[in-house]
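Shown next, in structure tokens, is the structure this report addresses.
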Amino acid sequence: MPSYYEHYVNLSPEKYIERALAVSERLAEVVVNIFTSNKSVPPETYYKSCDGLFHLQKTTAPDIFDKACEIALRFNQCKYGYIKTLF
Numbered sequence: 003m004p005s006y007y008e009h010y011v012n013l014s015p016e017k018y019i020e021r022a023l024a025v026s027e028r029l030a031e032v033v034v035n036i037f038t039s040n041k042s043v044p045p046e047t048y049y050k051s052c053d054g055l056f057h058l059q060k061t062t063a064p065d066i067f068d069k070a071c072e073i074a075l076r077f078n079q080c081k082y083g084y085i086k087t088l089f
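Structure (structure tokens):
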């Protein structure tokens, strides 16, 4: 198995939510919304989207990123692509 396999196997929606909560409450709300938006899809489907949000968060001013999360929540568009277009 590749070296990153163990890291991937240990991922879970709860870990993403914890990580988001450490950044901001709004980001955590967005991540929760992502994982609960479609119960018929496996949660692993959303890992890449959440990773993209964490990258955006690191490269954007905190107040601007928080406002983007607020807008996404208001319009129920908690998706990486939508949030990225707000910048």
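In terms of our numbering, the sequence shown opens at residue 3 and continues consecutively. Backbone N, C-alpha and C fix where the C-beta goes; we use that ideal spot for every residue, glycine too.
**Q.** Contacts around residue 68, its chain only, beta-carbon distance under 8 Å, and the 5 residues preceding and following it disregarded
**A.** 26, 28, 29
Q. Does the separation of the CB atoms of residue 33 and residue 52 fall below 7 Å?
A. yes
Q: Could you have a look at residue 44 and say whether DSSP puts it in helix, strand or coil?
A: coil
Q) Out of 38, 47, 41, 42, which has the shortest C-alpha to C-alpha gap to residue 13? A) 47
**Q.** Extent of the continuous alpha helix (DSSP H) to which residue 59 belongs
**A.** 49-61
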